[in-house]
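Beneath this line is the structure, given in structure tokens, with notes to follow.
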Amino acid sequence: MAPPVGDPTWVIVVEGDGLCERVQEALLTVADGSFGTRGSREEDGDDTRPMVLTAGLFERRGEVEELLEGPSWTGLVVPRTENDDRRVLDLRRGLVWRELPTEGGAVCTVRFSSLARPGVMGLRATGPADRLRAGPPLEPPHGATARTDADADGERASVVVASSLGGGVHAAARQHESVADGQMRVERLVAYVADRTALPEETAARAHLDAASMVGFERLSAEHAEAWERRWAAADIVIDGGGDELQRAVRFSLFHLMASVGDDDATAVGARGLTGPSYSGHVFWDADVYVLPFLAATSPAAARSMLAYRLARLEAARQEATARGLRGARFPWESASSGREVTPRLVRHDDGTVEPIRTGDLEEHIVADVAWSAAEYAAWTGDEAFLTGDARPLVTETARFWASRARWDTRAHLLGVIGPDEYHEVVDDDAYTNLMARWNLRRAAALERQLDGDRDEAAAWEALADALVDGYDRVTGLFEQCAGFFDLEPLIISEIADPPVAADLLLGRVRVGQSQIIKQPDVLMAHHLIPTELPAGSLAPNLDFYLPRTAHGSSLSPAICASLLARAGRPDDAVDLFELACRLDLDDLTSTTAGGLHLATMGGVWQALVYGFAGVRPEPGVLRIDPHLPTRWNTLEINLSHRNQRLRLTIGHDTITVRAPAPVWVTVAGTGTHGLSAGETHFDRRADTWERRSR
Amino acid sequence: MTTLVAALDDSAAAAPTLRTALGLAELFDADVEALHVIDPTIESTPTTPTTCEQVAAQLGVELHQRRGVPEDEIVAELRRGDVAAGVLGARRSAAGRRPAGHTALAVLQRAAKPVVVVPPDCRPPTDGVLRRVLVPLDGTETTARAVEHTADLFAGRGVDVLALHVFDETTVPRFWDHPEHEPEEFAREFLRRYCRTEGTHLRLRTGDPGEAVLEAAADPEIDLVAMAWSQDLSPGHARTIRQVLAGCCTAMLLLPVDQPRRATRGTHPVASRSPAG
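Chains as they are written, first to last, in this note's numbering: chain A, 1 to 695; chain B, 696 to 972.
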């Protein structure tokens, strides 16, 4: 293996900076979808926060469920750095390289977490023999309930870490030190096995390790690189004209999205994936709405494993609905191992005051978000059998929840909720919630009719969907975000500060709640997720009204707004917000990247490119393309899959090229549906329309 | 032996100033030298015991008297190698000059060492033991480096260190996703970057930094406020320090730095933007 050279858009270079060490560790995480290893330096140090996390493996600490920390496998005995080293994340091959200058010459390391064999990790180090030693191959996490075994010569070791919830992780390691011409070489292979319900059999990790050892470091790293090559072929996006920095940032997002979700299990994807402990690994709508579409379009098996996580917790969601005197399934705002609500009930401030946290009780749009993710998966993959089979309850049981949740007068209402705009709590008829619930009810009704289900119930759902208040004014084209929103103080964000800004911190929660300042898209989020459900032409007036009121105080906000601006035909206005989203973690814009990367923002980056600038959207049986490129971009090349067809779309200002291995149906900017043969098909812009180029 | 110079005048500030100096000396095993500078241009040699003589006598500290320009003499004393810090009154009376009296301001701007400024209405701990120090941090490395040694010294002597960071329009985070999760992560990382003193807790406030420091310092459990500053009181500078000096009833330890910078909500590239080699 050789360090990466050449194309700078495939590497993240990190040079010593003690101040940002923990941020850099998050950026340099290597993960295989099941296990994530933060990019900590190999030697101990005050600044480091090394960590190995397992997808969906939780433990209980006090009242809180958190991801269980596994044994660390990256430690070496090398001189402590004076922050003069250089580390490189090789995005193309999923490797982290490091060069550490020492008095006798450089110590160089490379590590990977095998995408080809999830659970297998490798580390190789070379350097002056008096500056480098292997040390213990595994270290139990600090304070963990762990059992360690090691042989006398330090070449083999194993560590078992038990979760208080019954599961655990077992790591087995084998390493070899050799010296030639004064140069030490350390080669270490590690295998992890996790079980969420019981301590894993110790033989399993050893068998995993033995199999990997038979393959050997070189071949393991090669097959790992090949696996990454295949993933990139399915998902890479190239912006020609956007500059190297933007390209690198886009690939950085795609890399971590791909690394954070496995495809062979019911995978929980926490808000920070496998890159850090923040948010305790809890699963939010970030997973369903922001991350899943990318996976549905690039790695359907991974998307399906995310849906399997929700399906495995359907019974808990049913019980939650029942406990609240409702029907159907109520998915939790924050979910962990069991599927029960794990949102903290309150937060104690340092001045002794207690602030109730209501999102767990009231941010119920998550229910429709889960249903939407199942439908979006089916739309991208064409896997209708999943939607009509295993996943059917994700759509119908959620609709049943809304049917029992709504309150009627002459219309139907959803009272006392929190929408995505969390600056306004306990509101009636939040537009996003109601519009998503309406979509959920209609989709479920259609599914029931399709499957010859309960027609009376389907009809009731449709009637409720029609009756739900949505706050839409046909004259102005505006949706009122919630009942009474237009009566609030008509502040716009530029009167307060330059966005993005945490307006709730700046103004106080009470003051911001009395104003029209919003945290993130709410009405506009409905335009983003269910555009065909909303009145034609309503995006522009709602963008004009709500965007100046949007603080972007949520990291979820900028990418979605960029996507909407592009779709509304304002791509040049979208670029700044898009670039902001791309740099969110690379520049630690939240000051919290140390605790892990913002996966939802990364999913938003993909959605801004695909749904926004490219205007690509799966519709029943057909892929819609309606691009709006920024002036300074030349082309946007997107690799994705639609209905099992691997497509490459090259979108320019005046041409669109679709490369498909088999016939595919597309519609370009409303010009009708085109059946394309396998191979390349071109469309050319002619004035205000697009024409298929004759062969 | 380390020495603290307590500069006393014949005012209400003399007693709390000397008591504060003695409390600090007790904490750090230092000696206290009480100094009274008689300015011959405005004072004649007293014929009866002065306030500062009485205070020194009451507290068992020998008072050294000197004639000259007070700020010159005090700054000269602070230059001595064995002197770690100075302690002096903020003003002669509670209703006195704001942000501080002439001598205090002059010493603060010229001294190369830490100076503790004690308001006349300050109430040092009755038992003389400092228990909690408030350390306002603006989120810059400059300030952090200026206070870190001092914070470590206090913590090493069993004093609680409470860091305070105030969000204003220039430092408020751009993003704050969930109030039940975000503050913990923000605080953890903030302390790792800007105050590594063992056991430090971070208090986050929003508003005007000076007012927030004053509010926090008004807590009876706060015995000292330790702040870094640029020693530049020219217009447009040291706004927070002026506010705190003017309004604080707690002793203030001011630590000189070269060029403190305000934190901003600007970007902080963590990964290099330069092409890889």
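Cβ coordinates follow ideal geometry from the N, Cα and C atoms, glycine included.
Within the same chain, Cβ atoms closer than 8 Å to the Cβ of Asp-47 of chain A are found at Gly-18, Glu-21 and Arg-22, the five residues on either side in sequence being excluded. Counted as a single uninterrupted DSSP element, the beta strand (DSSP E) harbouring Cys-108 of chain A occupies residues 107-113. When beta bridges are read from the DSSP output, Asp-684 of chain A appears opposite A:Thr-655 and A:Glu-691. In the DSSP annotation of this structure, the continuous segment of the beta strand (DSSP E) that includes Gly-781 of chain B starts and ends at 778-784.
Straight-line spacing of the CA atoms in Ala-933 of chain B and Gln-804 of chain B works out to 11 Å. For His-876 of chain B, the nearest beta carbon of chain A is closer than 9 Å to its own beta carbon. By the 16-neighbour rule on beta-carbons within 10 angstroms, Leu-468 of chain A is buried. Between Leu-950 of chain B and Ala-921 of chain B a beta carbon distance of about 7 Å is seen, short of the 8 Å cut, so the two are scored as contacting.
Contact between the stretch 343-350 of chain A and the stretch 371-378 of chain A is absent: fewer than 3 CB-CB pairs across the two stretches fall below 8 Å.
Straight across, the Cα-Cα distance linking Val-426 of chain A with Gln-607 of chain A is about 29 Å.
Here Thr-673 of chain A carries a strand assignment [DSSP, helix/strand/coil].
Interface with chain B (9 Å Cβ-Cβ cutoff): Glu-425 of chain A is excluded. Among the residues of chain B, those whose CB is under 9 Å from the CB of Glu-355 of chain A are Pro-874 and Glu-875, following chain order. With its beta carbon at least 9 Å from every one in chain A, Glu-843 of chain B lies outside the interface.
In the three-state DSSP reduction, Met-602 of chain A falls in the helix class (H, G or I). In chain order, Leu-19 make up the part of chain A whose C-beta sits under 8 Å from the C-beta of Glu-836 of chain B. Leu-899 of chain B has a beta carbon lying within less than 9 Å of a beta carbon in chain A. In this structure, Ala-368 of chain A sits away from Ala-460 of chain A, with a CB-CB distance that is not shorter than 9 Å. Between the C-alpha atoms of Thr-74 of chain A and Arg-251 of chain A there is a straight-line separation of about 25 Å. Thr-203 of chain A carries a helical assignment under DSSP once its states are collapsed to helix, strand and coil. A straight line joining the alpha-carbon of Gly-670 of chain A with that of Met-51 of chain A spans about 49 Å. Annotation for Pro-663 of chain A: Gly-675, Leu-676, Ser-677 and Ala-678 place their beta carbon closer than 8 Å to its own, counting only its chain and skipping 5 residues before and after. Separation of Gly-70 of chain A and Gly-596 of chain A (C-alpha to C-alpha, rounded to the nearest whole angstrom) is 16 Å. Spanning the alpha carbons of Glu-875 of chain B and Ile-357 of chain A requires a straight line of approximately 7 Å. A check of alpha carbon separations from Pro-393 of chain A across A:Ala-336, A:Trp-232, A:Phe-331 and A:Ala-431 identifies A:Phe-331 as the nearest.
Listed in chain order, the beta strand (DSSP E) runs fully inside the stretch 31-57 of chain A are 35-37, counting runs of at least 3 residues.
The alpha-carbon of Leu-307 of chain A is positioned some 28 Å away from that of Arg-93 of chain A. For the stretch 500-511 of chain A, the set of residues with a beta-carbon nearer than 9 Å to any beta-carbon of chain B comprises Pro-500, Val-501, Ala-502, Ala-503, Asp-504, Leu-505, Leu-506, Leu-507, Gly-508 and Arg-509, in chain order.
Looking at the DSSP output, Thr-126 of chain A bridges to A:Cys-108 and A:Arg-185.
When C-alpha distances from Asp-822 of chain B are compared across B:Pro-711, B:Met-947 and B:Pro-878, the shortest belongs to B:Pro-711. One Cα belongs to Leu-564 of chain A, the other to Leu-91 of chain A, and the distance between them is close to 28 Å.
Within the stretch 212-268 of chain A, the complete alpha helix (DSSP H) segments of 4 residues or longer fall at 217-235 and 244-259, listed in chain order.
Counting only residues of its own chain and dropping the five nearest sequence neighbours on each side, Thr-102 of chain A has a CB closer than 6 Å to the CB of Pro-79 and Arg-131.
Per DSSP, the continuous beta strand (DSSP E) segment holding Pro-831 of chain B begins and ends at 827-831. If you check the CB distance, Leu-699 of chain B and Gly-763 of chain B do not come in under 9 Å. Taking the Cα of Asn-634 of chain A as reference, the smallest distance to any Cα among A:Phe-485, A:Thr-388, A:Phe-613 and A:Trp-10 is reached at A:Phe-613.
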